[in-house]
Structures are given as structure tokens and as C-alpha cells.
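K.L.:
Submitted below is the structure of interest, expressed as C-alpha cells.
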Amino acid sequence: MTQENAINLYNLLPRTDRRTSPRANCNIPRNLAKVNGKISLQFLTLVMANIQFLKEDKLAFASDGANLRLKAIENGIDIYKFWGKMTNCGGYGQCGTCIVEITEGMEHTNDRTEVEQRKLKNKPASYRLACQTIVHGNISVNTKPQ
Ligand code: FES
Numbered sequence: 013m014t015q016e017n018a019i020n021l022y023n024l025l026p027r028t029d030r031r032t033s034p035r036a037n038c039n040i041p042r043n044l045a046k047v048n049g050k051i052s053l054q055f056l057t058l059v060m061a062n063i064q065f066l067k068e069d070k071l072a073f074a075s076d077g078a079n080l081r082l083k084a085i086e087n088g089i090d091i092y093k094f095w096g097k098m099t100n101c102g103g104y105g106q107c108g109t110c111i112v113e114i115t116e117g118m119e120h121t122n123d124r125t126e127v128e129q130r131k132l133k134n135k136p137a138s139y140r141l142a143c144q145t146i147v148h149g150n151i152s153v154n155t156k157p158q
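Residue numbering for the sequence shown follows the numbering used here, starting at 13 and increasing by one per position.
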């Protein structure tokens, strides 16, 4: 991939992906070196992930480091039950209404956060709070698992 292609691909990413993964996201220059007064940029390979929403039978694409809740919303996936729609905290890990089940690819997500450990302590290990889940590879998601 050429540098120009990498820049073009990065510019195509939704703003949510850019914001949620400033470092791990694709094509953000890792090495900025000033050589002879010129800035040299070294780009990484583009890493994409597929998020399969099972109940909705929908496949979403995400860049490495994307937030699962934001990707669901962006793709029209409803992760909240009736009560959660009215009372959710907007993704701050306070309400516990964005529970999803990762049926495949749990190894491609971040570890449970402290908030999740508290909110999900009596739930199966495959349950996550979508707003706290960062996607690093292909996963399958079951929304509203309870
Ligand atoms: S949206 Fe409130 S905990 Fe995830």
C-alpha cells in the first residue's frame, strides 16, 4: 500500500473510528522523524475488522480500535431494550443497559474494564458492555442477550 493510498483510506474512515482509536487505528503515522528538515511519515498497514450482528444478520466493518457501541449505532443496530432506550448513559459505562454477548472473537476485544467487572459480575464471561468494548478483529455479536 502506498502512502497516498493509506492517507486516502484513513480519510474515508468514519470520524468515530478516528476518535476512538487515535493510536492503534490504521494509518496514523507511528514514526514521525525529521530528516534534513523534512518530516518523514511511516504508515502502518490498514487493519479492518468485521463485526457480525447475528440477530440482525448484518455485517459491519470497523477499523482496529473501534468502539462496539458506536459501530452498532452507526450501522442502525439497536442494542438497547425498551428501558435502556430511555435511560442509557450515552456510552459512559454508568447504566449497564448496553449488554451484548460476544459469541465469537472475544480474543479480538479488549479485556473487561473495571466498570464491566462490576456491572457484569454475575453474567457469563461472554457478556460485555458494548460501550466499553474495543474491537481489534473479527467478532460475532448477539445483541440483547438476556
Ligand atoms: S451505554 Fe451505559 S453502560 Fe453502556
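Note that the Cβ used here is the ideal one computed from N, Cα and C, for glycine as well.
According to DSSP, is A137 helix, strand or coil?
P.N.:
Secondary structure at A137: coil, using DSSP grouped into helix, strand and coil.
K.L.:
Please report the straight-line C-alpha distance between S33 and T145, rounded to a whole angstrom.
P.N.:
Reliability of the predicted coordinates at S33 is poor, the pLDDT of 43 falling under 50, and the value obtained from them is presented with this limitation in mind. Between S33 and T145, the C-alpha separation is close to 12 Å.
K.L.:
If you draw a straight line from the C-alpha of L80 to the C-alpha of W95, how long is it?
P.N.:
The alpha-carbon atoms of L80 and W95 are separated by roughly 20 Å.
K.L.:
Within 10 angstroms of its Cβ, does C110 collect 16 or more other Cβ (buried), or is it exposed?
P.N.:
buried
K.L.:
Can you tell me the Cα-Cα spacing of I91 and E116, whole angstroms?
P.N.:
17 Å
K.L.:
Buried or exposed: which applies to A74, given that a residue is buried once 16 or more other Cβ atoms fall within 10 Å of its Cβ?
P.N.:
A74 is buried by the Cβ-count criterion.
K.L.:
Would you check if there are 3 or more beta carbon pairs closer than 8 Å linking the segment 124-141 to the segment 59-66?
P.N.:
no
K.L.:
Quickly, what does DSSP pair L71 with across the bridge? List them, please.
P.N.:
Q64
K.L.:
Just verifying my parser: in three-state terms, what is the DSSP assignment at V127?
P.N.:
helix
K.L.:
With a threshold of 16 other CB atoms inside 10 Å of the CB of C101, please say whether the residue is buried or exposed.
P.N.:
Counting the other CB atoms within 10 Å of its CB gives C101 a total below 16, which places it among the exposed residues.
K.L.:
Start and end of the beta strand (DSSP E) containing E119?
P.N.:
First-last for E119: undefined, no H or E at that position.
K.L.:
Give the DSSP bridge partners of V153, in chain order.
P.N.:
F65 and I114
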